[in-house]
Amino acid sequence: MADSSTAGASDSALVRAVAEGDERALAELYDRFAPVLLGLARRVLHDSEDAQEVVQETFLHVWNRAGSYDPGRSSVCTWLALVTRSRAIDRVRSRKVVDRTHAAMQKETGPGHESAREGARVLEEERRRRVRRELGNIPGEQRRILEMAFFEGMTQREIAESTGIPLGTVKTRTLLAMKKLREALRDEIRELL
Amino acid sequence: MTEPKDREERAILEALAVLEADDPDEALSRLAREEAAGGEDAEEILRRLCLETVGLVALSEEPVAPPAGAKDRLMAAIAAEREARGDDPHRPAAVVPFGARDDEPGAARRAEPERASVGGAPGAVPRPARRRWLSALAAGLLAATLGLSGWLAAELHEARAALERLEQEHTRLADRLERQNDVIQRVGASAGLLSAVSRSGVELCPLRPVGDEPPVPGAFAVLYMPPDSKEWYLVASNMEAAPGGVYAVWLNTPDGPVPAGVLQGGPEASLRFVPPRLEEHGGMLSIAVTLEPAPGLEEPSGPVVLFGDDRMSVS
Chain H
536 MADSSTAGAS DSALVRAVAE GDERALAELY DRFAPVLLGL ARRVLHDSED AQEVVQETFL
596 HVWNRAGSYD PGRSSVCTWL ALVTRSRAID RVRSRKVVDR THAAMQKETG PGHESAREGA
656 RVLEEERRRR VRRELGNIPG EQRRILEMAF FEGMTQREIA ESTGIPLGTV KTRTLLAMKK
716 LREALRDEIR ELL
Chain F
31 MTEPKDREER AILEALAVLE ADDPDEALSR LAREEAAGGE DAEEILRRLC LETVGLVALS
91 EEPVAPPAGA KDRLMAAIAA EREARGDDPH RPAAVVPFGA RDDEPGAARR AEPERASVGG
151 APGAVPRPAR RRWLSALAAG LLAATLGLSG WLAAELHEAR AALERLEQEH TRLADRLERQ
211 NDVIQRVGAS AGLLSAVSRS GVELCPLRPV GDEPPVPGAF AVLYMPPDSK EWYLVASNME
271 AAPGGVYAVW LNTPDGPVPA GVLQGGPEAS LRFVPPRLEE HGGMLSIAVT LEPAPGLEEP
331 SGPVVLFGDD RMSVS
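In order, the protein sequences belong to chains H and F. Going by the working numbering, the first sequence opens with residue 536, and the numbers climb by one from there. Going by the working numbering, the second sequence opens with residue 31, and the numbers climb by one from there.
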């Protein structure tokens, strides 16, 4: 449904078009971001079906709330990531997924697929690899705390209670990890702005 | 709770607070409101950088292809929602002509008496009635055309107004993004300088005005020579704009002065430069800033504005 008139548009321009009721712009946003958002949702939910529903909800949210998006607050991909993550974590909290986790992991399908926009996809993959590399460079105890905050939706207090680490130590490790990441990912962040 | 030590820690905590919020849109709006209430640009940029870091980490997982039909189901759901709201884009615009409407009560009864009073053969419309009927039809079509034209003109006007609003908004956002990018670059440059000059083992050389009547009496500068760094930093204060010329920087060696660049005037000026291989010139004896008529000279010719020869090391 997306066509050449939307393929070259910036993410912010597409969201503006969606706010004006342009379905083609939404379709283009879906093509660009659905795969990474689905990866994020699966990471949080460990369930393919739930993850697909969350991604659908995210894009419906985009359709209904595109007018409230402000490019001065965040990039489009950060906005989408936050919405997807929030919905996924809401679903985790409202349902018991523990029993389904193991069975769902057996049915996971492979990653990625070829897209017509090969150039943008390659850039996205390269950026994602760099981010994962920098995450790997962070000391294990700091990385684990970030993962608990990012992908399990735990507050710092909950992390402290769950791990037995003092709250102050949790905060310190979080700050150190974020500082390292922000410095290491300077170029990647510039690409988003 | 320990208070954040610096801006960066505050920015990180605010970005993480968005993660912990139930509604990320509301959390982002709240951040924007706080910024609009009077935060500094540097803090705003740091907060944005930390927020984008959060976004990058969240999207670092392997992408997964949506299943076949997922996108079509989404677009179908949206089309259904539009139809339910009554703004189906495929529905043609309704044209309502002025004058009597067929669904008005009594419209049929009003038509009948007119036909009956004319008389004539049943089923045949007499000439005068036909003329009146044709006139009514022409009037109706004319009214419909005028109505449609008016409606289209109103729609066009509204579309133009909406386009103008969007263009203004786009310009505003583009300006804001440009300002933010400018601040990011300046913050990045400042961060680079700070990182270099705060390194352990950095050497310093202060520069001061010389002579009884120095050209810029209140000026002061420091040359920072970080260890193991290819670049040196000259940071100056109170350098008024060079009158009719430029401030040239020279590294004085036993072989003579070696040019190092041009320092812009201003309350806070800095120069980042790669020093020449000073060992080839016998090492650096001192550093000087002179007022020259033009940049690019091979030897100093103007008065000395600043001079320094006292190197010290900071461990």
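Ideal Cβ placement from N, Cα and C applies to all residues, glycine included. Predicted model, so just to flag it, every value in this text is computed and none were measured.
Is there a Cβ from chain H that is less than 7 Å from the Cβ of residue 92 of chain F? Locating residue 92 of chain F in the second sequence gives position 62, counting from the first residue. Closer than 7 Å: yes.
Cross-chain neighbours of residue 618 of chain H in chain F, by beta carbon under 7 Å: Looking up residue 618 of chain H in the first sequence gives position 83. In chain order: 54.
Would you say residue 695 of chain H lies against chain F (beta-carbon separation less than 7 Å)? The residue you call residue 695 of chain H lines up with position 160 of the first sequence. Residue 695 of chain H does not count as touching chain F.
Could you tell me which chain F residues have their CB closer than 7 Å to the CB of residue 542 of chain H, listed as they occur along the chain? Residue numbering aside, residue 542 of chain H sits at position 7 when the first sequence is read from its first letter. Correct list: empty, because the minimum Cβ distance to chain F is about 15 Å.
Assuming residue 251 of chain F contacts residue 319 of chain F under a Cβ cut-off of 8 Å, what Cβ separation, rounded to an integer in Å, is found between them? As a working mapping, residue 251 of chain F is identified with position 221 in the second sequence. As a working mapping, residue 319 of chain F is identified with position 289 in the second sequence. That belief holds up - the Cβ atoms of residue 251 of chain F and residue 319 of chain F are roughly 7 Å apart, short of 8 Å.
Looking at the strands, I want to know which residues DSSP matches up with residue 233 of chain F. Counted from its first residue, the second sequence places residue 233 of chain F at position 203. BP columns for residue 233 of chain F point to F:255 and F:343.
For a minimum of 4 consecutive residues, which ranges assigned as the alpha helix (DSSP H) are wholly contained in the stretch 69-122 of chain F? 71-88 and 100-115
For the stretch 585-597 of chain H, which residues have a beta carbon sitting closer than 8 Å to at least one beta carbon of chain F? 586, 587, 590, 591, 594 and 595
Who are the neighbours of residue 570 of chain H on chain F, taking C-beta pairs under 8 Å? To locate residue 570 of chain H, count along the first sequence from 1; it is residue 35. Near residue 570 of chain H (Cβ distances below 8 Å), the residues of chain F are 93, 94, 95 and 96.
Since residue 302 of chain F contacts residue 261 of chain F with CB under 8 Å, what's their CB separation in whole angstroms? Along the second sequence, one-based indexing puts residue 302 of chain F at 272. Along the second sequence, one-based indexing puts residue 261 of chain F at 231. Right, their Cβ atoms sit about 5 Å apart.
Any C-beta of chain F under 7 Å from that of residue 629 of chain H: Sequence index remark: in the first sequence, residue 629 of chain H carries index 94 (1-based). So no, residue 629 of chain H is outside the interface.
Could you tell me whether the Cβ of residue 658 of chain H comes closer than 7 Å to any Cβ of chain F? Reading the first sequence from its first residue, position 123 is the one you call residue 658 of chain H. By this cut-off, residue 658 of chain H is not an interface position.
Counted within 10 angstroms of its Cβ, other Cβ atoms place residue 684 of chain H as buried (16 or more) or exposed: Residue 684 of chain H sits at position 149 when you count from the first residue of the first sequence. With 16 or more other Cβ atoms within 10 Å, it is buried.
Cβ of residue 683 of chain H less than 7 Å from any chain F Cβ? The count along the first sequence starts at 1 and reaches residue 683 of chain H at position 148. Taking Cβ atoms only, chain F never reaches closer than 7 Å to residue 683 of chain H, which makes this a no.
Spatial distance of residue 649 of chain H from residue 657 of chain H (CA atoms): Against the first sequence, residue 649 of chain H aligns to sequence position 114. Against the first sequence, residue 657 of chain H aligns to sequence position 122. A caution first: residue 649 of chain H carries a pLDDT of 41, below 50, which makes its placement in the model unreliable, though a value can still be read off. One C-alpha to the other measures close to 10 Å.
List, in chain order, every chain F residue whose beta-carbon is nearer than 8 Å to that of residue 724 of chain H. As a first step, residue 724 of chain H is located in the first sequence; it is residue number 189 there, counting from the start. Here the neighbours are 79, 82, 83 and 86.
What whole-angstrom Cβ distance do residue 96 of chain F and residue 590 of chain H have, given they're in contact under 8 Å? Position 66 of the second sequence holds residue 96 of chain F. Position 55 of the first sequence holds residue 590 of chain H. Confirmed, Cβ separation roughly 7 Å.
Residue 163 of chain F burial status per 10 Å Cβ neighbour count (16 or more: buried): Here residue 163 of chain F refers to the residue found at position 133 of the second sequence. With fewer than 16 Cβ atoms within 10 Å of its Cβ, residue 163 of chain F is classed as exposed.
Does any CB atom of chain F fall closer than 7 Å to the CB of residue 698 of chain H? In the first sequence, counting from the first residue as 1, residue 698 of chain H sits at position 163. No, residue 698 of chain H lies away from the interface with chain F (no Cβ there is under 7 Å from its Cβ).
Rounded straight-line distance, which links the Cα of residue 713 of chain H to that of residue 79 of chain F: Looking up residue 79 of chain F in the second sequence gives position 49. Looking up residue 713 of chain H in the first sequence gives position 178. Their Cα atoms are separated by approximately 10 Å.
Please report the straight-line C-alpha distance between residue 183 of chain F and residue 76 of chain F, rounded to a whole angstrom. Counted from its first residue, the second sequence places residue 183 of chain F at position 153. Counted from its first residue, the second sequence places residue 76 of chain F at position 46. Each residue's alpha carbon lies about 48 Å from the other.
Please check if any C-beta of chain H sits within less than 7 Å of the C-beta of residue 63 of chain F. Position 33 of the second sequence, counted from the first residue, corresponds to residue 63 of chain F. Judged by the 7 Å Cβ criterion, residue 63 of chain F is not in contact with chain H.
To the nearest angstrom, how far is it from the Cα of residue 545 of chain H to the Cα of residue 711 of chain H? Within the first sequence, numbered from 1, the residue matching residue 545 of chain H stands at position 10. Within the first sequence, numbered from 1, the residue matching residue 711 of chain H stands at position 176. Each residue's Cα considered, the two are about 33 Å apart.
Chain H contact for residue 50 of chain F (CB, 7 Å cutoff): Locating residue 50 of chain F in the second sequence gives position 20, where the first residue counts as 1. At least one chain H Cβ lies under 7 Å of residue 50 of chain F.
Please identify, using Cβ separations under 9 Å, the residues of the stretch 555-569 of chain H that lie next to chain F, in order along the chain. 555, 556, 558, 561, 562, 565, 566, 568 and 569
Test item: CB-CB of residue 264 of chain F and residue 277 of chain F under 7 Å: Here residue 264 of chain F refers to the residue found at position 234 when the second sequence is read from its first residue. Here residue 277 of chain F refers to the residue found at position 247 when the second sequence is read from its first residue. Result no, Cβ atoms of residue 264 of chain F and residue 277 of chain F do not sit closer than 7 Å.
Roughly how many angstroms separate the alpha carbons of residue 641 of chain H and residue 580 of chain H, rounded to a whole number? As a first step, residue 641 of chain H is located in the first sequence; it is residue number 106 there, counting from the start. As a first step, residue 580 of chain H is located in the first sequence; it is residue number 45 there, counting from the start. Low confidence applies here, because residue 641 of chain H scores a pLDDT of 47, under 50, leaving its location unreliable and the question unanswered by this model.
Residues of chain F with CB under 9 Å from residue 606 of chain H, in chain order? To locate residue 606 of chain H, count along the first sequence from 1; it is residue 71. Neighbours of residue 606 of chain H on chain F, chain order: 203, 206 and 207.
Cβ shell of residue 142 of chain F (< 6 Å), same chain only, five flanking positions each side left out: As a position in the second sequence, residue 142 of chain F is number 112, starting the count at 1. Residue confidence for residue 142 of chain F is low, a pLDDT of 43 falling below 50, so the modelled location carries little weight; the figure read from the coordinates is stated next. For residue 142 of chain F, where only same-chain residues beyond five positions count, there are no Cβ hits under 6 Å.
Cα separation between residue 90 of chain F and residue 605 of chain H? The sequence position of residue 90 of chain F within the second sequence is 60, counting from 1. The sequence position of residue 605 of chain H within the first sequence is 70, counting from 1. Answer to the nearest angstrom: the Cα atoms are 23 Å apart.
Can you tell me which residues form a DSSP beta bridge with residue 302 of chain F? Residue numbering aside, residue 302 of chain F sits at position 272 when the second sequence is read from its first letter. The partner list for residue 302 of chain F (beta bridge, DSSP) reads F:263.
Going along chain F in order, which residues have a C-beta closer than 8 Å to the C-beta of residue 545 of chain H? Counting from 1 along the first sequence, the entry for residue 545 of chain H is found at position 10. Within 8 Å Cβ-Cβ: nothing; residue 545 of chain H doesn't reach chain F, min ~11 Å.
May I ask you to list, following chain order, the residues of the stretch 243-265 of chain F that have a beta carbon less than 7 Å from some beta carbon of chain H? none
Contact under 7 Å by Cβ, residue 272 of chain F with residue 241 of chain F: Taking the second sequence and counting its residues from 1, one reaches residue 272 of chain F at position 242. Taking the second sequence and counting its residues from 1, one reaches residue 241 of chain F at position 211. Going by C-beta atoms, residue 272 of chain F is not nearer than 7 Å to residue 241 of chain F.
DSSP-derived helix/strand/coil call for residue 322 of chain F: Indexing the second sequence from 1 puts residue 322 of chain F at position 292. In the structure shown, residue 322 of chain F sits in a strand (DSSP, three-state: E or B).
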